[in-house]
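First comes the structure, then the notes that go with it.
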Amino acid sequence: MSEAGVVVLGAGQAGFQAAASLREAGFAGPLTLVGDETALPYQRPPLSKAYLAGKTDAEGLALRPAAYLDEHRIGFRPGLVAEAIDRAGRRLLTGDGPVHYDHLVIATGARNRPLPVPGADLAGVYQLRGLADADALKAALATCRAAIVVGAGFIGLEFAAVAAARGVDVTVIELADRPMARAVSPETAAFFRGAHEAAGVRFRFGAGLAAVEGRDGRTSGVTLADGTALPAELVLVGIGVLPNQEIADRAGLAVADGVRVDAFLATEDPAVSAIGDCARFPTRFAHGLSPDGTVRIESVQNAIDQGRCLAGRLAGRPAPYAAVPWFWSDQGPHKLQIAGLGAPGDIGVRRGTEAAFSVFRFRDGQLAAVESVNRAGDHMVARRLFAAGTPLTPDQAADPSFDLKALAIRA
9 MSEAGVVVLG AGQAGFQAAA SLREAGFAGP LTLVGDETAL PYQRPPLSKA
59 YLAGKTDAEG LALRPAAYLD EHRIGFRPGL VAEAIDRAGR RLLTGDGPVH
109 YDHLVIATGA RNRPLPVPGA DLAGVYQLRG LADADALKAA LATCRAAIVV
159 GAGFIGLEFA AVAAARGVDV TVIELADRPM ARAVSPETAA FFRGAHEAAG
209 VRFRFGAGLA AVEGRDGRTS GVTLADGTAL PAELVLVGIG VLPNQEIADR
259 AGLAVADGVR VDAFLATEDP AVSAIGDCAR FPTRFAHGLS PDGTVRIESV
309 QNAIDQGRCL AGRLAGRPAP YAAVPWFWSD QGPHKLQIAG LGAPGDIGVR
359 RGTEAAFSVF RFRDGQLAAV ESVNRAGDHM VARRLFAAGT PLTPDQAADP
409 SFDLKALAIR A
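Given below as structure tokens:
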């Protein structure tokens, strides 16, 4: 490589991991990490949980201290917004001038899907993606008495748990018929619905949102599609995310709900790769999920593992990305862990007790995903089975005497 070296666009979990892993892999060339936020690279998952609850501070979120970047010769460019990619000239164009590269890593992540109703821009309507969002939401929560959550996904439910624990009156509005409908089985959804309701959270399922209402420029509640009015001082929107793929699209790279990459995380341009929440990649876990065998995954695990995989290739040790996808969500006292990727139509086999159980999800007779609620041992077993490709039948999963740990050890 020339003096330009590797430039990583995006200083989130994936981008930081790629930079750190490049140094760990022995890459000695120039390395630049470009981020549009001014903070050091930080963890996002605690924002909706421990940080919002006041159990950790901004310093505790940092992935590494500033000294780490200096010691490992990672040139950090915070607060720098990239405007375009000049592929012919191998330049990243920014408001502060061009940044030259030999290899560009696109790790631009994702952004929250906007709320498409009148009143979405009123004061008191919040999104939760970055540290600034969390700070604003945390300050508002300190004096809030009633909150509306739009969307019963992970972020919405994690916030609901924190808010309810502080005595806030919380109502969750969800268009689907259950919480986390796209992510978990009906059995797991039913458990978390009951847990949240026991903590005082109310749900409105099958409910569309017509408008956010306000007075003097500030939200006063919402109106549902059926005309129901719900008062609130705070509205949190959690209706999914969109990949930040526009800069790749403008550069002529293939995009389709994510920047398209191959099994080695490379785009069609040999000088450009993409990783993390913004990347769409092929995986064996996509069976039954997409016609072309590709997925885009929003998770810390995927960001970290793709950063490591890409670093290995750029350091001269290429290997296809084959990590097992896994996720987690802490909602009140309950921990949800998922290995694999579920899909509508999966056959679920439940194992465990009422308070601690796993749902083994089968697709075409093959284990596709395992959801574990307060049952971490099953989660680790599932990850090991998936990694080894060890088969498990529905009958084995349903048999309480069948030794899953022994099967995993043999894997």
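Residues are numbered in our numbering as their position in the sequence shown, beginning at 1, plus a constant of 8.
Cβ coordinates follow ideal geometry from the N, Cα and C atoms, glycine included.
Which of helix, strand or coil DSSP assigns to R288: Taking the first residue of the sequence shown as position 1, residue 288 is located at position 280. If DSSP states are grouped into helix, strand and coil, R288 belongs with the strands.
Span separating the alpha-carbon of G360 from that of F410: Residue mapping note: residue 360 aligns to position 352 of the sequence shown, counting from 1. Residue mapping note: residue 410 aligns to position 402 of the sequence shown, counting from 1. Rounded to whole angstroms, the gap between the alpha carbons of G360 and F410 is 12 Å.
Among G229, A168, A191 and R268, the one whose alpha carbon lies nearest that of A207: As a first step, residue 207 must be located in the sequence shown, where it is residue number 199. For A207, the closest of G229, A168, A191 and R268 by C-alpha to C-alpha distance is A168.
Same chain, Cβ closer than 7 Å to T302, five either side skipped, listed in chain order: Taking the first residue of the sequence shown as 1, we reach residue 302 at position 294. Around T302: R288, F289, P290 and A294.
Simplified DSSP state of A271, which is helix, strand or coil: Within the sequence shown, the letter at position 263 stands for residue 271. Residue state, collapsed to three classes: coil.
Best match in G356, V243 and G385 for proximity to A197 [C-alpha to C-alpha]: Locating residue 197 in the sequence shown gives position 189, counting from the first residue. Checking every option, the nearest Cα to that of A197 belongs to G356.
Range covered by the beta strand (DSSP E) that runs through E91: If you number the sequence shown from 1, residue 91 lands on position 83. Taken as a continuous stretch (DSSP letters only), the beta strand (DSSP E) holding E91 covers A90 to D94.
K343 (DSSP reduced to helix, strand or coil): The residue labelled residue 343 in the question sits at position 335 within the sequence shown. DSSP places K343 within a strand segment (E or B) once states are collapsed to three.
CB-CB length for A377 against G340, believed under 8 Å: The residue you call residue 377 lines up with position 369 of the sequence shown. The residue you call residue 340 lines up with position 332 of the sequence shown. With a Cβ gap of about 23 Å, A377 and G340 do not count as contacting.
Selection from F200, N310, S228 and V89 that minimises the alpha carbon distance to A427: This structure gives no information on residue 427, because the portion of the chain shown stretches from 9 to 419.
Nearest-angstrom Cα separation, counted from A96 out to R371: In the sequence shown, the residue the question calls residue 371 occupies position 363. In the sequence shown, the residue the question calls residue 96 occupies position 88. In this structure, the CA atom of R371 is about 45 Å from the CA atom of A96.
Rounded straight-line distance, which links the Cα of A171 to that of L55: For the purposes of this step, residue 55 is identified with residue 47 of the sequence shown, where counting begins at 1. For the purposes of this step, residue 171 is identified with residue 163 of the sequence shown, where counting begins at 1. Roughly 13 Å separates the two Cα atoms.
Other residues of its chain near F199: CB distance less than 7 Å, five sequence neighbours each side excluded: Locating residue 199 in the sequence shown gives position 191, where the first residue counts as 1. Counting only residues of its own chain and dropping the five nearest sequence neighbours on each side, F199 has a CB closer than 7 Å to the CB of V381.
Contact check, H111 vs A279, beta carbons under 8 Å: Along the sequence shown, read from residue 1 onward, the residue named residue 111 stands at position 103. Along the sequence shown, read from residue 1 onward, the residue named residue 279 stands at position 271. Going by C-beta atoms, H111 is nearer than 8 Å to A279.
Close-in-space but distant-in-sequence residues of the same chain around D141 (CB under 6 Å, 5 per side omitted): Position 133 of the sequence shown, counting from 1, holds the residue named residue 141. Correct list, in chain order: Q135.
C-alpha gap between W334 and R258, whole angstroms: The residue you call residue 334 lines up with position 326 of the sequence shown. The residue you call residue 258 lines up with position 250 of the sequence shown. W334 and R258: Cα-Cα distance of roughly 32 Å.
Beta-carbon proximity check, I156 vs V230, cutoff 8 Å: Residue 156 sits at position 148 when you count from the first residue of the sequence shown. Residue 230 sits at position 222 when you count from the first residue of the sequence shown. Cβ atoms of I156 and V230: closer than 8 Å.
Cβ-based burial, V89 [other Cβ within 10 Å; buried from 16]: Start at 1 with the first residue of the sequence shown, and residue 89 comes out as number 81. By the 16-neighbour rule on beta-carbons within 10 angstroms, V89 is exposed.
With 16 other Cβ atoms within 10 Å as the buried cut-off, status of D234: Walking along the sequence shown from the start, residue 234 turns up at place 226. Counting the other CB atoms within 10 Å of its CB gives D234 a total below 16, which places it among the exposed residues.
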